[in-house]
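Taking it in order: structure first as structure tokens, then the write-up.
Protein chains in written order, with the numbering used here: chain W, 1 to 293; chain C, 294 to 586.
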């Protein structure tokens, strides 16, 4: 069993990005600049945004954090989005989700210029990904592809079961894994809460990508000997022994599943660090105008 | 075994659309207007476009056919597309594919205003479909959904195997069948030329949607007793006994598969007629501005 060290890969990629940025700057080009809009003070969101800002520093990017209180109106937020769309200083930006209930997340996402949509949530980027055209691919699925690449995990023709059909992980992951490309070219099955045969599908899978958000859902008897298991789950399960009061828990019952796997990601330290690094990569691509002019 | 009569369903839907159009006109609204651009004289394309024009008549739509010879330049074609985008008389339009090799189909598709893209090929429509937002859904997948609806075929939690991963059938079909909606909510598997386990996947399927373009590919021993089989294949196989010189042949070996099925579509007369009717429905939606303002 090989433990996929997402943290180490992420550190390595940040170094590669930083080296590329320094050579860009040495050539007189400007540093990529990521902006993040954060509404309110949700604990998870604060942590994510802080990690993104820190990752920007490590990569040599400029970053701008724009904060609003939870009572910001949709109009105020949308006009800031439009301002960032127009701002030539900003290469890409994100609006940290979730947003307060009185603001339509979909409206905000669709207002972002898709050429600056480094989260890859805009319909143009989602559609282009599905068609197989260059685009900003959303961070979590892209991070998982990169883990396959770095560990040279074979995917062609394999049975890949994706657990979960969210717009930010399950669906794009499935779309990417079925593309005629590496990583990809797999036989992809998407299972979800309504699937009658989820357990059987998992048992036949060469690759399982678990993104249900249900702690310890995938058990040893659901996994084939030699399978590759990617755990996207990061549920905060209360844990009095932790200083934070919770323990990040994956969708996979790691202790019993790991011995059966050829490769497995831990939680934390697997997919999580790759997600932020994928956002950094998209920001670099935005700065270089590699995808859209 | 129930034979799904796509032709009859299509006729019924055209009547429903025609009735709706007449009531629109009676209310002083304008008739929906579909334009089609046809480049060259490919036999298949001529046939498809003629059928679309005829279907417009039956539905009470206005239609405009715009023809170019194969030597039309990409620029000429793109400027016509832009003109149609701006023309308030035109509710929706299509550019019949394939196009000559010197013209980028993707560029043409992306130049079409997504609000008039009744073929549903523009990235915005593809992306919105994946996310589950209102959009123009491409004709063939939408026609198949309508057959499920009209025959009240259960899909929730079922294992649905899609054979083929084309951008116009396989991928959108998979995206639709996994949505939390009816028809949909299925466990979807996409198989293709690289799949190691295609036969086994088919054998376990409750629903098979065959869109490989390989005549008679699906044989009886690949189909479970009681399965629903939807045949999207329409390959022209040479046949000297036919006046046209060819026989439209599906991906399913109908004679041996049909007896095992609960429902099956024939070729011709199954999915084909529904495809054109789906385009008519999209044109009606465009005329009524039901999806985009």
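Where a beta carbon is used, it is the ideal one built from N, C-alpha and C, also for glycine.
Computed from a predicted structure; not experimentally measured.
Opening and closing residue of the beta strand (DSSP E) in which residue i lies
{"i": "residue 68 of chain W", "result": "62-68"}
{"i": "residue 539 of chain C", "result": "539-542"}
{"i": "residue 55 of chain W", "result": "Element bounds for residue 55 of chain W: not the beta strand (DSSP E) but the alpha helix (DSSP H), 43-59."}
{"i": "residue 181 of chain W", "result": "That residue, residue 181 of chain W, is in no beta strand (DSSP E); it is neither H nor E in DSSP."}
{"i": "residue 38 of chain W", "result": "33-39"}
{"i": "residue 502 of chain C", "result": "500-503"}
{"i": "residue 159 of chain W", "result": "159-163"}
Close-in-space but distant-in-sequence residues of the same chain around residue i (CB under 7 Å, 5 per side omitted)
{"i": "residue 150 of chain W", "result": "9"}
{"i": "residue 291 of chain W", "result": "134, 135, 136 and 285"}
{"i": "residue 559 of chain C", "result": "296 and 547"}
{"i": "residue 271 of chain W", "result": "6, 140, 143, 144, 230, 231, 232 and 265"}
{"i": "residue 246 of chain W", "result": "236, 237, 238 and 239"}
{"i": "residue 365 of chain C", "result": "332"}
Opening and closing residue of the alpha helix (DSSP H) in which residue i lies
{"i": "residue 133 of chain W", "result": "Here residue 133 of chain W belongs to no alpha helix (DSSP H), and DSSP marks it neither H nor E."}
{"i": "residue 14 of chain W", "result": "6-26"}
{"i": "residue 171 of chain W", "result": "170-177"}
{"i": "residue 482 of chain C", "result": "No alpha helix (DSSP H) holds residue 482 of chain C; the beta strand (DSSP E) holding it covers 480-484."}
{"i": "residue 199 of chain W", "result": "198-204"}
{"i": "residue 277 of chain W", "result": "271-287"}
Euclidean distance between Cα positions of residue i and residue j
{"i": "residue 467 of chain C", "j": "residue 481 of chain C", "result": "6 Å"}
{"i": "residue 145 of chain W", "j": "residue 255 of chain W", "result": "24 Å"}
{"i": "residue 158 of chain W", "j": "residue 152 of chain W", "result": "14 Å"}
{"i": "residue 42 of chain W", "j": "residue 101 of chain W", "result": "13 Å"}
{"i": "residue 132 of chain W", "j": "residue 494 of chain C", "result": "24 Å"}
{"i": "residue 96 of chain W", "j": "residue 353 of chain C", "result": "48 Å"}
{"i": "residue 300 of chain C", "j": "residue 197 of chain W", "result": "34 Å"}
{"i": "residue 49 of chain W", "j": "residue 396 of chain C", "result": "44 Å"}
{"i": "residue 111 of chain W", "j": "residue 81 of chain W", "result": "7 Å"}
{"i": "residue 321 of chain C", "j": "residue 313 of chain C", "result": "13 Å"}
{"i": "residue 398 of chain C", "j": "residue 367 of chain C", "result": "9 Å"}
{"i": "residue 391 of chain C", "j": "residue 331 of chain C", "result": "10 Å"}
{"i": "residue 478 of chain C", "j": "residue 471 of chain C", "result": "5 Å"}
{"i": "residue 412 of chain C", "j": "residue 402 of chain C", "result": "9 Å"}
{"i": "residue 552 of chain C", "j": "residue 545 of chain C", "result": "12 Å"}
{"i": "residue 208 of chain W", "j": "residue 250 of chain W", "result": "13 Å"}
{"i": "residue 419 of chain C", "j": "residue 410 of chain C", "result": "11 Å"}
{"i": "residue 587 of chain C", "j": "residue 449 of chain C", "result": "What is shown of chain C runs 294 to 586, which leaves residue 587 of chain C out entirely."}
{"i": "residue 289 of chain W", "j": "residue 25 of chain W", "result": "15 Å"}
{"i": "residue 561 of chain C", "j": "residue 533 of chain C", "result": "18 Å"}
{"i": "residue 243 of chain W", "j": "residue 464 of chain C", "result": "46 Å"}
{"i": "residue 18 of chain W", "j": "residue 34 of chain W", "result": "14 Å"}
{"i": "residue 459 of chain C", "j": "residue 180 of chain W", "result": "10 Å"}
{"i": "residue 87 of chain W", "j": "residue 378 of chain C", "result": "28 Å"}
{"i": "residue 47 of chain W", "j": "residue 130 of chain W", "result": "31 Å"}
Own chain, CB closer than 6 Å to residue i, minus 5 neighbours either side, in chain order
{"i": "residue 461 of chain C", "result": "431"}
{"i": "residue 55 of chain W", "result": "276 and 280"}
{"i": "residue 287 of chain W", "result": "32 and 91"}
{"i": "residue 571 of chain C", "result": "432, 435 and 436"}
Any non-hydrogen atom of the ligand ZN closer than 6 Å to residue i Cβ
{"i": "residue 316 of chain C", "result": "The ligand content of the structure shown is nil, which means the ligand ZN is not present either."}
From the options, residue whose alpha carbon lies closest to that of residue i
{"i": "residue 504 of chain C", "options": "C:521, C:527 and C:487", "result": "C:527"}
{"i": "residue 154 of chain W", "options": "C:312, C:487, C:456 and C:512", "result": "C:487"}
{"i": "residue 224 of chain W", "options": "W:204, W:288 and W:186", "result": "W:204"}
{"i": "residue 334 of chain W", "options": "W:228, W:94, W:214 and W:33", "result": "Since the displayed chain W opens at 1 and closes at 293, residue 334 of chain W lies outside it and no answer follows."}
{"i": "residue 273 of chain W", "options": "W:247, W:232, W:118 and W:263", "result": "W:232"}
{"i": "residue 262 of chain W", "options": "W:148, W:126 and W:85", "result": "W:148"}
{"i": "residue 30 of chain W", "options": "W:162, W:109, W:192 and W:63", "result": "W:63"}
{"i": "residue 107 of chain W", "options": "W:120, W:57, W:78 and W:128", "result": "W:78"}
{"i": "residue 344 of chain C", "options": "C:318, C:307 and C:382", "result": "C:307"}
{"i": "residue 511 of chain C", "options": "C:433, C:484 and C:416", "result": "C:484"}
{"i": "residue 586 of chain C", "options": "C:571, C:407 and C:377", "result": "C:407"}
{"i": "residue 45 of chain W", "options": "W:68, W:25 and W:220", "result": "W:68"}
{"i": "residue 359 of chain C", "options": "C:351, C:387, C:410 and C:319", "result": "C:387"}
{"i": "residue 248 of chain W", "options": "W:242, W:237, W:257 and W:1", "result": "W:237"}
{"i": "residue 456 of chain C", "options": "C:473, C:417, C:509 and C:422", "result": "C:509"}
{"i": "residue 1 of chain W", "options": "W:221, W:123 and W:257", "result": "W:257"}
{"i": "residue 58 of chain W", "options": "W:161, W:176, W:12 and W:160", "result": "W:12"}
{"i": "residue 454 of chain C", "options": "C:515, C:316 and C:329", "result": "C:515"}
Residue-level contact to chain D via CB, residue i, 7 Å cutoff
{"i": "residue 335 of chain C", "result": "You won't find chain D in this structure, because its protein chains are W and C."}
At which residue ranges does the segment 507-553 of chain C contain complete alpha helix (DSSP H) runs of 4 or more residues, listed in the order of the chain? Qualifying alpha helix (DSSP H) stretches, in chain order: 547-550.
3-residue-minimum beta strand (DSSP E) runs that sit fully inside the segment 360-440 of chain C, ordered along the chain: For the segment 360-440 of chain C, whole beta strand (DSSP E) runs of length 3 or above, ordered along the chain, are 385-388.
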